[in-house]
Amino acid sequence: VHRILGFREFYGLRLWLSPETLEPRPDTETLVEAILPFAKATAERQGECRILDLGTGSGAIALALLSAVPGAVATGVDIAAGALATAMRNARDLGLADRFETLESNWFAKVSGSYHVIAANPPYIPRQDIGNLQDEVRGFDPHLALDGGADGLDPYRIIAAEAAGFLETEGLVVVEIGHTQRIEVADIFTAAGYRLADKFRDLGGNDRALVFERAKP
């Protein structure tokens with residue numbers, strides 16, 4: 083039904099959708115909740131909080147955080163130019179465009195600078211499972227935003243391997259996961275030198291957001 087209307091409410095914000103954007107789900111608000119206290123504290127302590135939103139799509143995660151944290155600035159990264167145009171339209175409509183920039187990039191390929199928070203709701207559906215998804219998801223959500231590779235974990239491997247080069251020393255990497263993936267994703271990040279600092283469950287009681295910090299030597 084939201085595809086017909088062309089927009090979706092997310093975290094109290096009205097967001098426009100386009101064919102290149104994943105429709106933001108209520109479960110993803112869990113990711114925002116996982117980041118919010120740290121983002122607020124960082125902005126208060128340092129005067130700003132720099133957020134990198136990987137696979138930003140409609141801009142949902144970044145814009146929800148910007149609306150709640152006046153001292154935050156965000157860069158939304160996506161491989162789809164159409165998604166970025168939609169994200170920027172949403173930022174303008176919400177009066178957040180002065181604190182939001184978009185970057186067309188395959189994960190970290192064109193990213194520069196350092197961030198206090200690296201957030202991602204990456205594709206995490208195993209490729210062979212995409213055909214089994216609900217019709218409304220399979221038919222309308224862009225496959226690029228769903229396909230997590232053979233085992234659904236490829237994006238986490240990329241983020242775990244590359245995030246450290248763009249993360250402030252005390253920064254956090256916060257990712258949404260499929261509800262069965264907590265152990266595998268935690269293992270990937272632990273092997274890359276991170277520590278699982280916190281985990282958050284969605285409204286259905288499923289593991290949905292994992293918070294990682296750099297492991298102390």
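For this note's numbering, add 82 to where a residue sits in the sequence shown, where the first one is 1. Ideal Cβ placement from N, Cα and C applies to all residues, glycine included. Everything numeric in this text was worked out from a predicted model, so none of it was measured.
Between the alpha carbons of I240 and E183 lies a gap of roughly 22 Å. Here D233 carries a coil assignment [DSSP, helix/strand/coil]. In this structure, F89 and L104 do not form a Cβ contact; the two beta carbons are roughly 14 Å apart against a cut-off of 8 Å.
Looking only at R296, I265, A273 and G275, the smallest Cα-Cα distance to K281 is reached by I265.
Where R277 is concerned, the enclosing beta strand (DSSP E) starts and stops at Y276 to R283.
No Cβ-Cβ contact shorter than 8 Å links G164 with A144.
Comparing alpha carbon positions, the residue from G275, P204, A116 and V151 closest to L178 is V151. Minimum Cα-Cα distance from E186 among the listed residues T251, A169 and A274 corresponds to A169.
Looking at the backbone, the Cα of F294 and that of F271 are separated by about 8 Å. Excluding its 5 nearest sequence neighbours in each direction, A146 has C-beta neighbours in its own chain below 7 Å: F92, Y93, L95 and V114, listed in chain order. Judged by DSSP in its simplified three-state form, L249 adopts strand.
Within the region 123–172, the runs of alpha helix (DSSP H) at least 4 residues long that lie entirely inside it are, in chain order, 142–150. Straight-line measurement puts the Cα of R181 at about 23 Å from the Cα of T251. The alpha-carbon separation between A125 and G153 amounts to approximately 5 Å. Annotated three-state conformation of L185 is strand, per DSSP. Under the three-state reduction of DSSP output, E102 falls in the coil class, being neither helix nor strand. Annotation for R90: no alpha helix (DSSP H) segment contains it, though the beta strand (DSSP E) segment containing it runs F89 to F92.
Taking a 10 Å sphere around the C-beta of T112, we find 16 or more other C-beta atoms and assign the residue as buried. DSSP, reduced to helix, strand and coil, places A268 within a helical segment of the structure shown. C-alpha of N288 to C-alpha of K122: approximately 25 Å in a straight line. Annotation: R107 is outside any beta strand (DSSP E) and is labelled neither H nor E by DSSP.
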